[in-house]
Amino acid sequence: MQIGYKLAAEGYGPQEIIRQAVLAERAGFDFVEMSDHFHPWLDAQGHSSFTWSVLGAIAAKTSTLRLATGVTCPTVRYHPAIIAQAAATMALISDGRFTLGVGAGERLNEHVVGQGFPSVRGRHERLREALEIIRLLWQGGYQSYEGRHLQLEDARVFDLPETLPVIAVAASGEVSARLAAELGDGLFATEPDASIVEHYRRAQGSGPRYAEVPLAWATDEQQAVQAVLQTSRWMVTGWKVMSELPNPVNFDAASAYVEEKHIRQLFAIGPDPEPHVAKVRSYVEAGFDHIVLQNAGPDPDGFLDFFAGDLSGRLRAVG
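Numbering of the sequence shown is given in this note's numbering, commencing with residue 32 and proceeding in unit increments.
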């Protein structure tokens, strides 16, 4: 089992994100994963820097820590040719430590370029075409592609690594899990749902299986709960809401009903390592082997110390 640390790009500025990544390497994390957003989920979070610039800086300041996007949408705000180029460059400057996590996206980030946001079916169709374009460009040479939604005209990525990045495809059900097996090298999910892993395996998927685990560490349970209510209550709304709302103000309204009981149902809370271990175990038992700790607590430095001291060994025993 590999253990990663979620870099909350919506909650901290770029310099702080880089600092946390360096500390995560020292604390013993195997990798960091960073979301690729244009907007934060809530105005209270207050940040959303350009992921690719920040990951480049992290690659320069670390030596063993692996890096991943969690996840990039390569279909609306970005053209897949740009992502093919960006990911290849990240693989080179990180000496092969980069994983490209991709998904169908959220309206929150993709509507900003004024091209609308497709239906669920349309998103899956576009993601398939985007993956085909990325794979095509990574073959080398000049390439063209004519899809229903996406096109490529006489394009070439000149700087390609000898070993191409792993592509982990975000999935929430059978269709996307099969796509991850067919055109990806790995799976990415946010729920401890064994059926997603099963669909992936039935479709001959055999790569790494990433999952984000919601935690909230603080020296006091109530402080942890309050931090989640302030900055991360949007996670309670579920994917059908998270993929559709256009701006932070909408997420603020949609999550206004969230109470402490909802937070405690979703997150492992507080200073005791056992709830955190139990939460991670549920994902491992569902079949995931790359576990991303997504700490929504108020003290990232305290959490990193907690991981290095009490949590790391217990989690690795689970895997």
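Virtual Cβ for every residue (Gly too), placed ideally from N, Cα, C.
Note that the structure is a prediction, hence the values are computed from the model and not measured.
Spatial neighbours of Asp-320 in its own chain (CB-CB distance under 8 Å, excluding positions within 5 residues in sequence) are listed in chain order as Met-32, Gln-33, Pro-239, Arg-240 and Gly-350. In the DSSP annotation of this structure, the continuous segment of the alpha helix (DSSP H) that includes Thr-262 starts and ends at 252-262. Straight through space, the alpha carbons of Ala-212 and Leu-167 are spaced by roughly 17 Å. Annotated three-state conformation of Asn-326 is strand, per DSSP.
With 16 or more other Cβ atoms from the protein chains shown falling within 10 Å of its own Cβ, Ile-165 counts as buried. Every beta strand (DSSP E) of 3 residues or more that sits fully in the region 193-259 is shown, in chain order, as 197-201, 217-220 and 240-247. In the DSSP annotation of this structure, the continuous segment of the beta strand (DSSP E) that includes Leu-131 starts and ends at 129-133. Here Asp-341 has Pro-304 as same chain residues with Cβ atoms under 8 Å from its own Cβ, once five neighbours each way along the sequence are excluded.
The DSSP-derived three-state label of Val-85 is helix.
Within its own chain, the residues whose Cβ lies closer than 8 Å to the Cβ of Glu-252, once the five positions on either side in sequence are excluded, are Ile-300, Gly-301 and Pro-302, listed in chain order. Pairing Ala-258 with His-230 gives a Cβ-Cβ distance that is not under 7 Å.
Under the three-state reduction of DSSP, Glu-41 is assigned to coil, being neither helix nor strand. Out of Pro-196, Val-272 and Val-315, the CA that lies nearest to the CA of Val-323 is found in Val-315.
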